[in-house]
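In the UniProt record's numbering, the protein residues as written are 1 to 343.
In this text, a Cβ means the ideal position worked out from N, Cα and C, and glycines have one as well.
All figures in this text were calculated on a predicted structure; none of them were measured in a lab.
Take a look at the structure below.
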């Protein structure tokens with residue numbers, strides 16, 4: 001009695017099975033996943049390839065799943081009516097069942113791999129094996145299917161792996177979620193987020209994360225660790241942004257009017273409050289390191305300037321606390337915030 005056959009088409013390197021050969025005993029569990037037999041007019045695996053042979057990833061197969069196979073369906077993407085494609089990872093026993101057209105619409109690269117199989121025969125299921133692990137493959141399918149739960153990102157390394165896979169297979173649906181993850185990372189590790197954006201060609205994320213790097217002293221950061229493999233042109237743009245904004249922010253401070261910062265103390269030269277003179281003096285170094293308004297308009301920095309001035313003038317604290325001085329500080333902060341902040 002011939003063994004019952006299931007019909008498959010695969011992009012894996014496997015051989016067509018002659019139905020007549022299925023009368024022989026099935027292969028043991030230790031053999032290849034498929035029952036393999038030579039097809040008429042086709043070379044055996046051991047023969048040398050010829051220039052006109054199809055590439056390995058475009059082989060067709062009709063075969064019975066061997067007894068004892070450990071392959072199982074992914075719980076997230078199980079078999080279902082209408083699913084006519086199976087995707088397999090490089091180091092997995094899971095099979096991911098999907099709709100051929102949905103995958104082809106989402107990924108031009110996978111569409112080319114599937115199209116290389118030729119016209120699909122009715123009732124067949126196509127099998128495509130990719131180089132990625134099952135975790136990456138499942139994540140890509142979650143991006144392809146919009147109604148599925150998006151993958152949880154547990155590390156920066158995983159984020160970069162997904163970005164590489166999304167770029168490799170040109171899955172545009174993945175970049176919105178992954179780009180948002182890069183921006184979230186920029187809140188804590190701005191230089192690292194900028195480097196990831198540069199490496200993976202995320203133009204908008206590169207622009208936005210460059211703004212977050214203004215909070216970091218790039219001259220004292222471990223650039224070799226954070227951005228060591230970033231192209232010099234992108235680092236040059238970042239350094240130019242920091243230098244340009246530092247100069248413009250300092251200009252806002254130094255050219256500000258001092259009418260609101262007057263003090264009658266005997267140590268305040270020309271009536272300008274000593275605490276404001278201290279702010280201008282310290283701003284040069286602070287803005288060069290971190291050219292943001294938070295650097296010099298945060299309460300801790302201003303309070304430190306007032307305390308230093310108070311050692312020479314007992315009247316300066318009153319001027320700093322006055323409504324007119326606080327209003328002027330708010331205006332100057334807004335002026336610094338309005339300066340260009342991205343590459």
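* Asked: Are the CB atoms of residue 166 and residue 178 nearer to each other than 8 angstroms?
  -> yes
* Unbroken alpha helix (DSSP H) run spanning residue 85, endpoints -> It is not in any alpha helix (DSSP H) - residue 85 instead sits in the beta strand (DSSP E) that spans 85-88.
* Asked: What first and last residue would you give for the beta strand (DSSP E) that runs through residue 98?
  -> 94-98
* Quick check: the region 281-294 against the region 256-268, are there 3 or more CB pairs under 8 angstroms? -> no
* Spatial neighbours of residue 148 in its chain, beta-carbon cut-off 7 angstroms, leaving aside the 5 residues before and after -> 142
* To do: Measure from the alpha carbon of residue 234 to the alpha carbon of each residue in 205, 251, 252 and 247, then state which is nearest.
  => 205
* Can you say whether residue 329 is buried or exposed, counting buried as having 16 or more other CB atoms within 10 angstroms of its CB? => buried
* To do: Would you list the residues sitting across from residue 262 in a DSSP beta bridge?
  => 272
* May I have the straight-line CA-CA distance separating residue 30 from residue 140, to the nearest angstrom? => Its pLDDT being 30, under 50, residue 30 is placed unreliably by the model, and the measurement read from it follows with that caveat. Straight-line Cα distance between these residues: approximately 31 angstroms.
* To do: Within 10 angstroms of the Cβ of residue 200, are there 16 or more other Cβ atoms? Answer buried if so, exposed if not.
  => buried
* Asked: Considering residue 157, what are the terminal residues of the alpha helix (DSSP H) in which it resides?
  -> 156-168
* Euclidean distance between Cα positions of residue 254 and residue 274 -> 14 angstroms
* **For residue 131 and residue 75, the rounded distance between their alpha carbons** => 21 angstroms
* DSSP on residue 303, reduced to helix/strand/coil? -> helix
* **CB of residue 163 within 8 angstroms of CB of residue 210, strictly** => no
* C-beta atoms of residue 138 and residue 175 nearer than 8 angstroms -> no
* Length at least 4, wholly inside the region 178-214: the alpha helix (DSSP H) runs in chain order -> 190-199 and 203-212
* Using three-state DSSP, classify residue 245 as helix, strand or coil. => helix
* To do: Please determine, among 126, 91 and 114, the residue with the shortest C-alpha to C-alpha distance to residue 79.
  => 126
* When the Cβ atoms of the region 186-198 are set against those of the region 261-269, are three or more pairs found closer than 8 angstroms? -> no
* Just reading off the beta strand (DSSP E) that residue 127 is part of, what are its end residues? -> 125-129
* Which residues in the same chain have their Cβ closer than 6 angstroms to the Cβ of residue 28, if we skip the five residues on either side of it in sequence? -> Residue placement at residue 28 is flagged as unreliable, the pLDDT there being 35, under the threshold of 50; a coordinate-derived value is accordingly withheld.
* **Rounded straight-line distance, which links the Cα of residue 316 to that of residue 230** => 48 angstroms
* Decide if the region 214-225 is in contact with the region 309-325; the criterion is three or more beta carbon pairs, one per stretch, under 8 angstroms apart. => no
* Who are the Cβ neighbours of residue 249 in its own chain at under 7 angstroms, not counting the five residues just before and after it? -> 287, 291, 336 and 339
* Asked: When the Cα atoms are used, what is the spatial distance from residue 173 to residue 309?
  -> 57 angstroms
* To do: Quick one: grab the DSSP three-state call for residue 73.
  => strand
* Asked: Exposed or buried, which one is residue 103 when buried takes at least 16 other CB atoms within 10 Å?
  -> buried
* residue 152, DSSP secondary structure in three states -> coil
* **Spatially closest choice to residue 157 from 168, 171, 182 and 150, by CA coordinates** => 182
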